[in-house]
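Read the structure below first, then the notes.
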Amino acid sequence: MTKKPTRLAPYKRIALYTVLLLSVCLLAFSASRYLQKQAEEKNSGRRRLAFAPAVEKDNEALLAFKKEFPDREIYLACQEDVTDDGISDLLVIYKEGSLVRFVTAMGQDGGGYVYTDPIPAPIENQGIQFKNIDHEGEMEFIISGEKNGQAGYAIYRIIDGQPKDLFGDGMDNCC
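Each residue of the sequence shown is one higher than the one before, counting from 1 in UniProt numbering.
See the structure below:
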């Protein structure tokens, strides 16, 4: 004789289905929150690494630059030790007349700054990134931006006191 399977009472079936449905919903909600948090962390990490923050308006190097060059309209200024001498340097993108230029103010041991020769810089949406690409000495920096929708960038390193273009793409179109 085979036993007949016992059937659950209707209210017990409803209770069981309700518990199962709530469990699935809770699991889906938890998975969704976890994936959303992972995406936010990934994106915020990109934003943190994307561009160097601009220096504060009362930054000592920025004030010295403004005093030395009062006619230059500063678009962006970021600070980092790009010469590997233990002293912070200031990278400045500015407008003078109709030209947008980039210059590095290299901090000196006794105070003060030595300025590199100005070079063309992007006209719009400028950004500066610092990356030690070769993991040696001087810090490389990336200048990027646009002009009329044409994007470009260049990777520089200070060599013999001047920024040298190591590699780039589209800078002729955006500067």
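Every residue, glycine too, gets a C-beta built ideally from N, C-alpha and C.
This one's a predicted model, so the numbers in the text were calculated from it and none came from an experiment.
Own chain residues within Cβ distance below 7 Å of residue i, not counting five before or after
i	result
residue 157	138, 140, 164, 166
residue 52	78, 80, 128, 129, 130
Residue range of the unbroken alpha helix (DSSP H) whose run includes residue i
i	result
residue 64	60-68
For residue i, the first and last residue of its enclosing beta strand (DSSP E)
i	result
residue 100	99-107
residue 144	140-147
residue 151	150-159
residue 91	89-96
residue 52	Unbroken run through residue 52: none, as it is neither H nor E.
residue 57	Per DSSP, residue 57 belongs to no beta strand (DSSP E) and is neither H nor E.
Status (buried if at least 16 other CB within 10 Å, exposed otherwise) for residue i
i	result
residue 75	buried
residue 220	Summary: the structure shown does not reach residue 220, with the chain confined to residues 1 through 175, and so no result is reported for it.
residue 144	buried
residue 142	buried
residue 133	exposed
residue 107	buried
residue 39	exposed
residue 6	exposed
residue 121	buried
Neighbourhood of residue i by C-beta distance below 8 Å, restricted to the same chain and skipping five residues each side
i	result
residue 168	152, 153, 154, 155
Proximity of residue i and residue j at Cβ, strictly below 8 Å
i	j	result
residue 146	residue 125	yes
residue 176	residue 71	Outside the displayed span of the chain (1 to 175) sits residue 176, for which this structure offers no information.
residue 113	residue 50	no
residue 162	residue 116	yes
Neighbourhood of residue i by C-beta, 6 Å cutoff - its chain only, sequence neighbours within 5 removed
i	result
residue 61	90, 105
residue 118	101, 103
residue 123	100, 147
residue 55	62, 77, 79
* the region 87-95 in contact with the region 14-23 per 3-pair CB rule at 8 Å -> At 8 Å Cβ cutoff, the stretches do not touch.
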